[in-house]
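Undergrad: Residue numbers (mature numbering (1 follows the signal peptide of the UniProt record, and there is no 0)): -42 to -1, 1 to 756. Just so it is clear, CB atoms sit at the ideal spot from N, CA and C, and this is done for glycine as well.
#1: Can you give me the C-alpha to C-alpha distance between residue 634 and residue 679, rounded to a whole angstrom?
#2: What's the gap between the Cα of residue 160 and the Cα of residue 111?
#3: Quick one: residues in its chain with C-beta nearer than 6 Å to the C-beta of residue 462, no 5 flanking neighbours on either side, listed in chain order?
#4: Between the C-alpha atoms of residue 565 and residue 350, what's the straight-line distance to the nearest angstrom?
#5: For my contact list, residue 293 and residue 745 are in at a C-beta cut-off of 8 Å; report their separation, rounded to the angstrom.
#6: Rounded to whole angstroms, what is the Cα-Cα separation between residue 538 and residue 569?
#7: Candidates 95, 162 and 180: which alpha carbon is nearest residue 126's?
#8: Give me the residue from 221, 338, 242 and 215 with the minimum Cα distance to residue 228.
#9: Quick one: complete beta strand (DSSP E) runs, 3+ long, within the region 468 to 495?
#10: Would you list the one or two residues that DSSP bridges to residue 308?
#11: Quick check on DSSP: helix, strand or coil for residue 541?
#12: What separation, rounded to the nearest whole angstrom, lies between the Cα atoms of residue 204 and residue 183?
#13: Less than 7 Å separating the beta-carbons of residue 759 and residue 82?
#14: Please classify residue 429 as buried or exposed, where buried requires at least 16 neighbouring CB atoms within 10 angstroms.
#15: Taking only three categories from DSSP, how would you classify residue 558?
#16: Below 7 Å between beta carbons: does that hold for residue 140 and residue 147?
#17: Closest to residue 312 by C-alpha separation, out of 287, 605 and 365, would be which residue?
#18: How close, in whole Å, do the beta carbons of residue 355 and residue 392 come, if the pair is a contact with beta carbons under 8 Å?
#19: Please state whether DSSP places residue 70 in a helix, a strand or coil.
#20: So what does DSSP say about residue 85, is it helix, strand or coil?
#21: For residue 342, which three-state DSSP category applies?
#22: Counting along the chain, where does the beta strand (DSSP E) carrying residue 735 start and finish?
#23: Bridge partners for residue 781 per DSSP, in chain order?
#24: Does residue 260 come out as helix, strand or coil in the three-state DSSP assignment?
#25: Using the Cβ count rule (16 or more neighbours within 10 Å means buried), how would you classify residue 769?
#26: Mapping DSSP to helix, strand and coil, what is residue 43?
#27: For residue 453, which residues does DSSP report across the bridge?
#28: Specify the secondary structure class of residue 743 as computed by DSSP and reduced to three states.
#29: Would you kindly report the start and end of the unbroken beta strand (DSSP E) that includes residue 193?
#30: Within a Cβ cutoff of 8 Å, which residues of the same chain sit near residue 717, ignoring the five residues on either side of it in sequence?
#31: Counting only the same chain and skipping the five closest in sequence on each side, list residues whose C-beta sits under 6 Å from that of residue 691.
#32: Compute the Euclidean distance between the alpha carbons of residue 251 and residue 695, then round it to the nearest angstrom.
#33: Using DSSP with H/G/I as helix, E/B as strand and the rest coil, what is residue 751?
#34: Between residue 309 and residue 253, what straight-line distance do the alpha-carbon atoms span, to the nearest angstrom?
#35: Taking DSSP as the reference, what is the three-state secondary structure of residue 273?
#36: Rounded to the nearest angstrom, how far is the Cβ of residue 305 from that of residue 248, given a contact under 8 Å?
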């Protein structure tokens, strides 16, 4: 697949680049992208890797001419072994680490800018989980205990909880996005695909960089990495860090401060050991500390009939016998004033992984052991405009998780007619959430709930590829997974009465402590537990045919499943159980090169048959507002994707992609309370029918040997629904929109200094991320994507 970042010639190899090129062929495309250089690489897929490296070096030194304008080829590990992306019969997008840094992409969710048919919007910015959707497969599920249908990985280690999947990305080698179910080599919860963030590894050459940035809304960023040999050819290390601070873009009329605020720090330390020629061990330690503040939300007063929203005149919010007109009326925007009390949204994560690789007798044994922990605390104090009768509410919560994973793989060499991979996988996660809430007026209320879930999953898997001829081959994958889950839940909702004796806050300043609330409605919590087991076998079959060195054709039938689970809240005195969601993908594709490697074009067409979709229901019936995993549906999605990457001149590179999707729920029956409803025929939520991406960069060489780089990337997504069941309410929809980003950089002749000015969201697009249904308090909350941001950055490389 074409890589969505520009490369051009002529190439001026720095001493550090020249030293590292023979040792790290995988980083070739990234280094070339950073330097905006072009290389000429052997296009023959059977060519010897060493010969390919020699050809690259020779092309770099050769006089520039049309024959040397070649798009570089990235090495990926999508099939658990190193391969050229053009040789992998799968739809893949590979994004280099330098491209990510140059485009000011700072979080995992922001890669949606460069991947067709991918979205990762978040209603709470970088402090909340992204809503991953790839080719229409994703989830709006608010249940924090349920895994999503896209596998998110960091250095081949899964990030199990969706709440931990929005993280800073820095000092990366590349990101690989695999589209379509990856149910054999990658396992469960990959029905939509898999995204793997791969860190830049230590090398035996001393190198690094430091970047500092400043922008509007009090934005400050610092990013740095440094590494090299500890003991030549035996031990190397690399340290990386990231810091971001943002003061927010909207005014809190209660505190007088701007928000939502963000403080984010992350660090990574790696040690690479090569005690022998055939044995390698990589240890990675990582941590993150984040505080997202108390962002609040834009509330609009409204009524709802059959789930269809009618805003009150002026957005008036009627609570406690009074009415309040928000300054933004019925049309809030990202920068609109809001109200919220003091608060915080803190999250600490830490982890370690050890990857050991042993090569023997033409085989490779790989072990990946990982430990990951997280803990979080949230607090939102009372905060309402002065003199109003709005609900005076407060909430607090805590969460923790512990995850242990182990993967073991044995693989043969690929350069033989029959190549194979055998493996085993173990996953163990224990997660807990406790939450409390209080309303001090307008009929006092106290709520308390918790859940504690344990998940254990084991799997055996294999993959075999047989080449009938140098042109024709077929790959078969198989995986069997055993999974068991158990959960314990508690809940209490205590509402006061007219007499005021059912809920009494004895200490409103410490209402969450034992004994701080009493009354007739404050009774022991309801406690329930439930467990379940599942066994699933997934498989894939992929025939491929290489017509010539420039054209690869493939077909694919692949299956996958998303884990079953439980609703995180007790509903109607029961814990709802959802069975595993399954998918079968029927796909054909072509990967091609044109004009002697100056243009690549990849085409894929697919049909998804999905069974037992687990859908969260946001629906109002008389007197009730509820959100729960309470729907089951089948469905299908069909689509076409086209990616084109063109090196038009030595200075200009353009990449574009288009995605077309059609989706439909079938047999969609659900219930809210005792009401049985049907939404068959609705489109999949958050699934645009059309999406488009354009990325371009132009390099202007200066007489001094320095460069000026002009770059811009744009994406378009057509209309989407926020709700699976209600699709006749414009409030719960987002119209089609464009989003653009632009930058201009100066790079010194020795390539050690780069100065950049950038603008994100050039047109100040103010599209909605989420508008929920009208709740029982007579309001609906709305969240937005960030407004236009701009700034400057300085990057020093050595």
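TA: On the basis of the supplied data:
#1: Taking the first residue of the chain shown as 1, we reach residue 634 at position 676. Taking the first residue of the chain shown as 1, we reach residue 679 at position 721. Near 22 Å, if we compare the C-alpha coordinates of residue 679 and residue 634.
#2: As a working note, residue 160 is residue 202 in the chain shown. As a working note, residue 111 is residue 153 in the chain shown. Computed Cα separation, rounded: 19 Å.
#3: By 1-based counting over the chain shown, the position of residue 462 is 504. Contacts found: 476 and 477.
#4: Counting from one through the chain shown, the residue named residue 565 turns up at place 607. Counting from one through the chain shown, the residue named residue 350 turns up at place 392. Near 50 Å, if we compare the C-alpha coordinates of residue 350 and residue 565.
#5: On the chain shown, position 335 is the one that residue 293 refers to. On the chain shown, position 787 is the one that residue 745 refers to. About 5 Å separates the two Cβ atoms, so the contact holds.
#6: For the purposes of this step, residue 538 is taken as the residue at position 580 of the chain shown. For the purposes of this step, residue 569 is taken as the residue at position 611 of the chain shown. Whole-angstrom Cα-Cα distance: 9 Å.
#7: Taking the first residue of the chain shown as 1, we reach residue 126 at position 168. Measuring from the Cα of residue 126, the nearest candidate turns out to be 180.
#8: Reading the chain shown from its first residue, position 270 is the one you call residue 228. Here the closest residue by C-alpha is 242.
#9: none
#10: Taking the chain shown and counting its residues from 1, the one referred to as residue 308 is at position 350. The partner list for residue 308 (beta bridge, DSSP) reads 245 and 331.
#11: Sequence index remark: in the chain shown, residue 541 carries index 583 (1-based). Residue 541: strand per DSSP, three-state reduction.
#12: Position 246 of the chain shown holds residue 204. Position 225 of the chain shown holds residue 183. Using only the alpha carbons, I get a separation of about 22 Å.
#13: The displayed coordinates of the chain run from -42 to 756. Any statement about residue 759 would go beyond what the structure contains.
#14: What you label residue 429 is simply residue 471 of the chain shown in a count that begins at 1. By the neighbour-count rule (16 or more Cβ atoms within 10 Å), residue 429 is not buried but exposed.
#15: Position 600 of the chain shown, counted from the first residue, corresponds to residue 558. DSSP places residue 558 in strand when its eight states are reduced to three.
#16: The residue labelled residue 140 in the question sits at position 182 within the chain shown. The residue labelled residue 147 in the question sits at position 189 within the chain shown. Result no, Cβ atoms of residue 140 and residue 147 do not sit closer than 7 Å.
#17: By 1-based counting over the chain shown, the position of residue 312 is 354. Checking every option, the nearest Cα to that of residue 312 belongs to 365.
#18: The sequence position of residue 355 within the chain shown is 397, counting from 1. The sequence position of residue 392 within the chain shown is 434, counting from 1. Correct: roughly 6 Å between the Cβ atoms.
#19: By 1-based counting over the chain shown, the position of residue 70 is 112. It is helical.
#20: As a position in the chain shown, residue 85 is number 127, starting the count at 1. In this structure, residue 85 counts as helix in the three-state DSSP scheme.
#21: Numbered from its first residue, the chain shown carries residue 342 at position 384. Here residue 342 sits in coil by DSSP.
#22: Walking along the chain shown from the start, residue 735 turns up at place 777. From DSSP, residue 735 is part of no beta strand (DSSP E); its letter is neither H nor E.
#23: Outside the displayed range of the chain (-42 to 756) lies residue 781, so it cannot be described from this structure.
#24: Within the chain shown, residue 260 is the residue found at index 302, counting from 1. Reduced to three states, the DSSP call for residue 260 is strand.
#25: Because the chain is modelled from -42 through 756, residue 769 falls outside the range shown and cannot be assessed.
#26: In the chain shown, the residue the question calls residue 43 occupies position 85. Helix, per DSSP.
#27: For the purposes of this step, residue 453 is identified with residue 495 of the chain shown, where counting begins at 1. DSSP lists 403 as partners of residue 453.
#28: As a first step, residue 743 is located in the chain shown; it is residue number 785 there, counting from the start. It is coil, neither helix nor strand.
#29: Translated into the one-based positions of the chain shown, residue 193 becomes position 235. From DSSP, the beta strand (DSSP E) with residue 193 extends over 193 to 204.
#30: Position 759 of the chain shown, counting from 1, holds the residue named residue 717. So the list reads 699, 700, 701, 746, 747 and 748, once near-sequence residues are dropped.
#31: Here the question's residue 691 lines up with position 733 in the chain shown. Correct list, in chain order: 679.
#32: By 1-based counting over the chain shown, the position of residue 251 is 293. By 1-based counting over the chain shown, the position of residue 695 is 737. Approximately 29 Å between the Cα atoms of the pair.
#33: As a first step, residue 751 is located in the chain shown; it is residue number 793 there, counting from the start. Here residue 751 sits in strand by DSSP.
#34: One-based indexing of the chain shown puts residue 309 at position 351. One-based indexing of the chain shown puts residue 253 at position 295. Answer to the nearest angstrom: the Cα atoms are 28 Å apart.
#35: As a first step, residue 273 is located in the chain shown; it is residue number 315 there, counting from the start. In this structure, residue 273 counts as helix in the three-state DSSP scheme.
#36: Locating residue 305 in the chain shown gives position 347, where the first residue counts as 1. Locating residue 248 in the chain shown gives position 290, where the first residue counts as 1. Indeed, because the Cβ distance is near 5 Å, the residues count as touching under 8 Å.
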